[in-house]
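Position 471 of the sequence shown, counted from 1, bears residue number 472 in my numbering, the numbering being contiguous throughout.
Every residue, glycine too, gets a C-beta built ideally from N, C-alpha and C.
Given the structure is predicted, the values throughout are model-derived calculations rather than measurements.
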Amino acid sequence: MIAARPSMIVAPLALALACSGGPGEGGDAGSGATSGGASATTSGGVSEGTSSGGEGTSGGSESASESEGTSGDPPALRSVGGVVEGLEGSGLRLLNLGGDPLEIAADGVFTFATPLAEGASYEVTVDADPASPDQGCTVSGGSGTIAGADVDDVVVRCRTPIRHVIVIGVDGLGGAYLPQVDTPAIDGVIAEGVSTMLMQNTLPTMSAPNWMSMIAGSTPDQHGVMSNEWSPGDSQPTPTIFAVARQHQPAAKIGVFHDWDAFDDLVEPGICDHIESPGDEDQTMAAALAWMAAERPELLFIHLDLVDHAGHFYGWGGDAYVAAVKKADVLIGQALAAIDAEGMAPYTALVISADHGGEGLFHGDDTALERPIPIILRAPQVAPGMILREVRIFDIAATIAAFLGAEAPTSWLGRPLVEALIDKELPAAGEALDAIEVVDFEWRYDDVGSGAFDDVSIWRPLPPPGYFSLGDVVVAGYEPPVEPARAVRDLPGVSAPPLGFERIWDDQGSGGANDVALWSPIAPLGYACLGTVAQQVYDAPPSPEAIRCLHRDFLRRGEASQVWNDAGSLAWEDAGLWACEVGVDGGVASGSFIARRHHDDPGYAKCWTLDL
2 MIAARPSMIV APLALALACS GGPGEGGDAG SGATSGGASA TTSGGVSEGT SSGGEGTSGG
62 SESASESEGT SGDPPALRSV GGVVEGLEGS GLRLLNLGGD PLEIAADGVF TFATPLAEGA
122 SYEVTVDADP ASPDQGCTVS GGSGTIAGAD VDDVVVRCRT PIRHVIVIGV DGLGGAYLPQ
182 VDTPAIDGVI AEGVSTMLMQ NTLPTMSAPN WMSMIAGSTP DQHGVMSNEW SPGDSQPTPT
242 IFAVARQHQP AAKIGVFHDW DAFDDLVEPG ICDHIESPGD EDQTMAAALA WMAAERPELL
302 FIHLDLVDHA GHFYGWGGDA YVAAVKKADV LIGQALAAID AEGMAPYTAL VISADHGGEG
362 LFHGDDTALE RPIPIILRAP QVAPGMILRE VRIFDIAATI AAFLGAEAPT SWLGRPLVEA
422 LIDKELPAAG EALDAIEVVD FEWRYDDVGS GAFDDVSIWR PLPPPGYFSL GDVVVAGYEP
482 PVEPARAVRD LPGVSAPPLG FERIWDDQGS GGANDVALWS PIAPLGYACL GTVAQQVYDA
542 PPSPEAIRCL HRDFLRRGEA SQVWNDAGSL AWEDAGLWAC EVGVDGGVAS GSFIARRHHD
602 DPGYAKCWTL DL
């Protein structure tokens, strides 16, 4: 047996996403490289280049040896150069003013061999794109007039096109368990890409709701798949990534291979070129790889069920479960070898993930063993690293769309995991957090008549104009809060509205005198949401204007302290409410709380305090 535990991952990450166009996989490298050009002058590593397009004047540092002379002296000579980023192939050749060829072998700083006179024009162009792998390179800030300094801010960016996206979904592979199993194939992908074991799935933690959330970019409240008993026609789901890929590229080859019969129902009919359940996991992988070799698809989804099967029959984390994870790793290794053998690896984005974990023989609850799942991405020009921010299973569809160069539907809640990694940093923090105490509250809910063993009430802070709540407040009992809550001024780089909400719990079936639904906000990139929002109706999510999320630079980790659970009530779902208090990292409590669909498991670390 292995002791199940979630793993916390904290590390920076970076990714340059390839454009979907470019030279053919086996084609020539642009206009054809020739030898004999000048060698590039490079310095180790790529500094962050300035990327200003269009014409301009040089803005580099003036060399003391080439400063302006007196009247009658010959014009000073200036060098022309810049930086190359993302170069993976060979044969890149640059020209300045159509001549002075410069061969570039690696990322780094370059300088043309021939200097130019003060006041002369310069124009840097790509004469030959790299090959092996084929890349397309673009120049920014490449033309202008020399004025008082060397030119050192030309930026040449090279990108490897993504032509294939391969998704491998391993049913039941919990993020709390994977790090404790010897999986050399998966570990190799992790080492080459970006990953976290803490991606959060959706509720309930069942297969159909989560596979649909993965491929349809939305929560169960949006797509309507609330259980494994769902059938087509029961709801109108948001479009799947397969439909989005087909609309974006009508001639694309799209395939789905799975060994769980219900997966067929999740995919729109007539969209895929091939959808099949060939048999067990070995037959599924063999059929998928044979089709891949024959068709070289733009999008291939492979679903494997063996790990979930082992969990249900022998228990999550047990010996049989570990053996199933190891076999899944062998099958993934077969896929990696086939991608290499077909020459597809340099142009392939690989996604490995799952739908849920488990505890004992079951899954479906809101626990730290069932909600975290792995997400592992390997794509051209991915700099190895680990994902720090909170990510959700419905972000996977948007990520695949980004790899394909397709636009995600507006109905999707998910956002590309790569948006933090494509040619830009996380959003910069604002100058200061402006937070005030709020002592006025509006009643939202109490559990009178519910039968719960303990009493609880929920209250909404009422901040003055210009300030926003960070979440509602929970009280053990029916009296208003005695401690102030915090509200923040809405400032750029400090606060932002949530992207949307996930329903955590409602009291349907409790028989209580009051109705409530508790919604957890979903933070935008670089931000975290601190609290839950209580709605007095069941089926209407809050407005994004109800609260604000805060930039992570203004937050510290807090600790969850349980205030209430609904034990004793007849509500159809379990609930646990946790106040976020000051932890070992210090800070100031916001007064908000988190909700879980479980009596006594606070889930992964989601409590924050204010860094005031």
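Secondary structure of residue i, DSSP reduced to three states
{"i": "residue 506", "result": "strand"}
{"i": "residue 245", "result": "helix"}
{"i": "residue 296", "result": "helix"}
{"i": "residue 144", "result": "strand"}
{"i": "residue 331", "result": "helix"}
{"i": "residue 212", "result": "helix"}
{"i": "residue 462", "result": "strand"}
{"i": "residue 115", "result": "coil"}
{"i": "residue 109", "result": "strand"}
{"i": "residue 190", "result": "helix"}
{"i": "residue 563", "result": "strand"}
{"i": "residue 428", "result": "coil"}
{"i": "residue 315", "result": "helix"}
{"i": "residue 201", "result": "strand"}
{"i": "residue 597", "result": "strand"}
{"i": "residue 364", "result": "coil"}
{"i": "residue 479", "result": "coil"}
{"i": "residue 395", "result": "coil"}
{"i": "residue 255", "result": "strand"}
{"i": "residue 603", "result": "coil"}
{"i": "residue 486", "result": "strand"}
{"i": "residue 442", "result": "strand"}
{"i": "residue 522", "result": "strand"}
{"i": "residue 169", "result": "strand"}
Backbone CA spacing between residue i and residue j [nearest angstrom]
{"i": "residue 461", "j": "residue 445", "result": "7 Å"}
{"i": "residue 616", "j": "residue 380", "result": "This structure does not reach residue 616, given that the chain is present from 2 up to 613, and the question cannot be answered."}
{"i": "residue 206", "j": "residue 324", "result": "23 Å"}
{"i": "residue 301", "j": "residue 166", "result": "6 Å"}
{"i": "residue 319", "j": "residue 287", "result": "27 Å"}
{"i": "residue 194", "j": "residue 350", "result": "10 Å"}
{"i": "residue 200", "j": "residue 376", "result": "6 Å"}
{"i": "residue 530", "j": "residue 392", "result": "13 Å"}
{"i": "residue 486", "j": "residue 595", "result": "14 Å"}
{"i": "residue 452", "j": "residue 568", "result": "8 Å"}
{"i": "residue 228", "j": "residue 213", "result": "10 Å"}
{"i": "residue 247", "j": "residue 255", "result": "8 Å"}
{"i": "residue 417", "j": "residue 503", "result": "18 Å"}
{"i": "residue 1", "j": "residue 298", "result": "Look at the range of the chain in this structure, 2 to 613, and you will see that residue 1 is not part of it."}
Exposure of residue i, with buried meaning 16 or more beta-carbon neighbours within 10 Å
{"i": "residue 362", "result": "exposed"}
{"i": "residue 466", "result": "exposed"}
{"i": "residue 280", "result": "exposed"}
{"i": "residue 355", "result": "buried"}
{"i": "residue 546", "result": "exposed"}
{"i": "residue 243", "result": "buried"}
{"i": "residue 179", "result": "buried"}
{"i": "residue 226", "result": "buried"}
{"i": "residue 223", "result": "buried"}
{"i": "residue 454", "result": "exposed"}
{"i": "residue 615", "result": "The chain is shown from 2 up to 613; residue 615 falls before or after that span and cannot be answered."}
{"i": "residue 183", "result": "exposed"}
{"i": "residue 74", "result": "exposed"}
{"i": "residue 441", "result": "exposed"}
{"i": "residue 629", "result": "The chain is shown only over 2 to 613; residue 629 falls outside these bounds and no answer can be derived."}
{"i": "residue 586", "result": "exposed"}
Cβ-heavy atom distance, residue i to the ligand NAP, below 7 Å
{"i": "residue 565", "result": "The ligand NAP is not part of this structure, which contains no ligands at all."}
Nearest to residue i (by Cα), restricted to the options the options
{"i": "residue 79", "options": "122, 96 and 95", "result": "122"}
{"i": "residue 336", "options": "98, 507, 391 and 290", "result": "290"}
{"i": "residue 338", "options": "190, 136 and 499", "result": "190"}
{"i": "residue 429", "options": "493, 88, 470 and 158", "result": "493"}
{"i": "residue 215", "options": "196, 584 and 414", "result": "414"}
{"i": "residue 555", "options": "157, 504, 536 and 609", "result": "609"}
{"i": "residue 526", "options": "448, 542 and 389", "result": "389"}
{"i": "residue 322", "options": "82, 177 and 441", "result": "177"}
{"i": "residue 481", "options": "463, 273, 306 and 489", "result": "463"}
{"i": "residue 303", "options": "329, 317 and 489", "result": "329"}
Review point. Between the region 565-579 and the region 546-556, do at least 3 Cβ pairs fall closer than 8 Å?
Key: These segments do not touch.
Practice item. Could you tell me whether the region 98-108 touches the region 116-136, using the rule of 3 or more Cβ pairs below 8 Å? Key: Yes: at least three Cβ pairs fall under 8 Å.
Review point. Is the number of C-beta pairs between the region 207-217 and the region 256-266 that are closer than 8 Å three or more?
Key: Taking 8 Å as the limit for Cβ pairs, the verdict is that the region 256-266 does touch the region 207-217.
Check your understanding: If you pair each beta-carbon of the region 85-92 with each one of the region 105-112, do three or more pairs fall below 8 Å?
Key -> Judged by pairs of C-beta atoms under 8 Å, the region 85-92 touches the region 105-112, as three or more such pairs exist.
Check your understanding: Pairing CB atoms from the region 469-487 with CB atoms from the region 582-597, are three or more of them under 8 Å?
Key -> Here the region 469-487 lies against the region 582-597, with 3 or more beta-carbon pairs under 8 Å apart.
**Study point:** contact_flag[the region 153-161, the region 128-145] where n(CB pairs < 8 Å) is 3 or more
**Key:** Touching, yes, given that three or more Cβ pairs across the two stretches are closer than 8 Å.
Check your understanding: Can we say the region 498-505 touches the region 396-412, given the rule of at least three CB pairs closer than 8 Å?
Key -> In short, these stretches do not touch, since the Cβ pair count stays below three.
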